[in-house]
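Novice: Below is a structure I'd like to ask you about.
Residue numbers (the working numbering): 156 to 282.
Here you go:
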(Lines of atoms letter the chains of each structure in order from A and count residues from 1; the text may use other names and numbers.)
(Lines give C-alpha, C1' and ligand atoms only; values in the text may rest on other atoms or scores of the structure.)
Protein backbone atom coordinates (compact mmCIF):
# COMPACT_ATOMS: atom_id res chain seq x y z
CA UNK A 1 0.00 0.00 0.00
CA UNK A 2 1.31 3.43 -0.88
CA UNK A 3 1.36 6.43 1.42
CA UNK A 4 -0.65 8.74 -0.77
CA UNK A 5 -3.47 10.63 0.94
CA UNK A 6 -6.15 9.35 -1.42
CA UNK A 7 -4.65 5.93 -1.97
CA UNK A 8 -3.74 4.53 -5.34
CA UNK A 9 -6.75 5.98 -7.13
CA UNK A 10 -6.23 9.57 -5.92
CA UNK A 11 -6.92 12.68 -7.92
CA UNK A 12 -4.23 13.49 -10.46
CA UNK A 13 -3.21 17.09 -9.72
CA UNK A 14 -1.40 19.58 -11.91
CA UNK A 15 1.81 20.46 -10.07
CA UNK A 16 1.82 24.08 -11.20
CA UNK A 17 -1.82 25.02 -10.55
CA UNK A 18 -2.73 22.51 -7.83
CA UNK A 19 -5.97 21.80 -9.64
CA UNK A 20 -7.09 18.46 -11.01
CA UNK A 21 -5.54 17.71 -14.36
CA UNK A 22 -7.77 17.96 -17.36
CA UNK A 23 -7.45 15.35 -20.01
CA UNK A 24 -6.12 17.04 -23.12
CA UNK A 25 -6.45 15.41 -26.47
CA UNK A 26 -3.66 15.42 -29.00
CA UNK A 27 -5.59 17.90 -31.17
CA UNK A 28 -6.10 20.29 -28.24
CA UNK A 29 -2.41 20.08 -27.33
CA UNK A 30 -1.42 20.72 -30.94
CA UNK A 31 -3.80 23.70 -31.11
CA UNK A 32 -2.25 25.13 -27.92
CA UNK A 33 1.25 24.74 -29.36
CA UNK A 34 0.22 26.42 -32.60
CA UNK A 35 -1.32 29.29 -30.63
CA UNK A 36 1.96 29.71 -28.70
CA UNK A 37 3.90 29.77 -31.97
CA UNK A 38 1.55 32.39 -33.46
CA UNK A 39 1.89 34.58 -30.36
CA UNK A 40 5.69 34.25 -30.44
CA UNK A 41 5.73 35.20 -34.13
CA UNK A 42 3.54 38.23 -33.47
CA UNK A 43 5.86 39.36 -30.65
CA UNK A 44 8.90 38.90 -32.90
CA UNK A 45 7.30 41.02 -35.62
CA UNK A 46 6.42 43.72 -33.12
CA UNK A 47 9.97 43.77 -31.74
CA UNK A 48 11.45 43.91 -35.24
CA UNK A 49 9.24 46.89 -36.06
CA UNK A 50 10.18 48.73 -32.85
CA UNK A 51 13.89 47.93 -33.01
CA UNK A 52 14.93 50.58 -35.57
CA UNK A 53 13.36 53.30 -33.42
CA UNK A 54 14.72 52.07 -30.09
CA UNK A 55 18.19 50.90 -31.07
CA UNK A 56 19.79 54.31 -31.79
CA UNK A 57 18.49 55.62 -28.45
CA UNK A 58 19.98 52.68 -26.57
CA UNK A 59 23.27 53.06 -28.47
CA UNK A 60 23.50 56.75 -27.50
CA UNK A 61 22.73 55.88 -23.88
CA UNK A 62 25.52 53.29 -23.89
CA UNK A 63 28.00 55.78 -25.34
CA UNK A 64 26.98 58.48 -22.84
CA UNK A 65 27.34 56.06 -19.94
CA UNK A 66 30.78 54.99 -21.14
CA UNK A 67 31.85 58.62 -21.34
CA UNK A 68 30.63 59.22 -17.77
CA UNK A 69 32.53 56.17 -16.53
CA UNK A 70 35.68 57.31 -18.33
CA UNK A 71 35.47 60.73 -16.69
CA UNK A 72 35.12 59.15 -13.24
CA UNK A 73 37.84 56.52 -13.70
CA UNK A 74 41.22 57.43 -12.25
CA UNK A 75 43.16 55.38 -14.79
CA UNK A 76 41.37 57.01 -17.74
CA UNK A 77 42.03 60.43 -16.26
CA UNK A 78 45.72 59.57 -15.87
CA UNK A 79 45.95 58.48 -19.50
CA UNK A 80 44.25 61.70 -20.61
CA UNK A 81 46.71 63.72 -18.49
CA UNK A 82 49.62 61.91 -20.14
CA UNK A 83 48.20 62.80 -23.55
CA UNK A 84 47.71 66.39 -22.34
CA UNK A 85 51.34 66.53 -21.21
CA UNK A 86 52.33 66.23 -24.85
CA UNK A 87 50.12 69.25 -25.51
CA UNK A 88 47.83 67.28 -27.75
CA UNK A 89 44.22 68.28 -27.79
CA UNK A 90 42.56 64.99 -28.62
CA UNK A 91 39.10 64.11 -27.40
CA UNK A 92 39.41 60.33 -27.37
CA UNK A 93 36.32 59.68 -25.25
CA UNK A 94 33.68 59.77 -27.99
CA UNK A 95 35.79 57.68 -30.38
CA UNK A 96 36.48 55.04 -27.73
CA UNK A 97 32.85 54.95 -26.60
CA UNK A 98 31.70 54.58 -30.22
CA UNK A 99 34.19 51.78 -30.80
CA UNK A 100 33.00 49.91 -27.69
CA UNK A 101 29.39 50.37 -28.80
CA UNK A 102 30.18 48.97 -32.24
CA UNK A 103 31.94 45.98 -30.72
CA UNK A 104 29.14 45.31 -28.23
CA UNK A 105 26.32 45.56 -30.76
CA UNK A 106 27.85 43.48 -33.51
CA UNK A 107 27.68 43.96 -37.26
CA UNK A 108 23.92 43.66 -37.82
CA UNK A 109 22.74 45.90 -34.99
CA UNK A 110 25.58 48.34 -35.59
CA UNK A 111 24.50 48.79 -39.20
CA UNK A 112 21.07 49.85 -37.92
CA UNK A 113 22.59 52.59 -35.76
CA UNK A 114 25.37 53.65 -38.09
CA UNK A 115 25.13 57.39 -38.57
CA UNK A 116 27.64 57.69 -41.39
CA UNK A 117 27.00 60.30 -44.03
CA UNK A 118 25.59 58.81 -47.17
CA UNK A 119 25.37 61.03 -50.22
CA UNK A 120 22.80 60.56 -52.95
CA UNK A 121 23.88 58.22 -55.69
CA UNK A 122 26.59 59.67 -57.90
CA UNK A 123 27.53 62.49 -55.50
CA UNK A 124 30.64 62.05 -53.37
CA UNK A 125 30.04 62.40 -49.61
CA UNK A 126 31.60 65.42 -47.89
CA UNK A 127 33.45 64.92 -44.64
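Where is the CB? At the ideal position from N, CA and C, for every residue including glycine. The structure displayed is predicted, hence computed values, not measured ones.
Straight-line CA distance for residue 122 to residue 168?
Specialist: Limits of the chain in this structure are 156 at one end and 282 at the other, which puts residue 122 out of reach.
Novice: What is the DSSP secondary structure of residue 243, counted as helix, strand or coil?
Specialist: On the chain shown, position 88 is the one that residue 243 refers to. Residue state, collapsed to three classes: coil.
Novice: Is the segment 183-201 touching the segment 225-242, taking contact as three or more C-beta pairs under 8 Å?
Specialist: no
Novice: Go to residue 193, then tell me how far its alpha helix (DSSP H) extends in each direction, as first and last residue.
Specialist: Position 38 of the chain shown holds residue 193. That run of the alpha helix (DSSP H) goes 181-227.
Novice: Closer than 8 Å by C-beta to residue 253: which residues in its own chain qualify, once you throw out the five before and the five after it? Chain order, please.
Specialist: Reading the chain shown from its first residue, position 98 is the one you call residue 253. Cβ within range, chain order: 218.
Novice: Given a cut-off of 9 Å, decide if residue 208 and residue 256 are closer than it, judged by their beta-carbon atoms.
Specialist: The sequence position of residue 256 within the chain shown is 101, counting from 1. The sequence position of residue 208 within the chain shown is 53, counting from 1. Not closer than 9 Å, so no.
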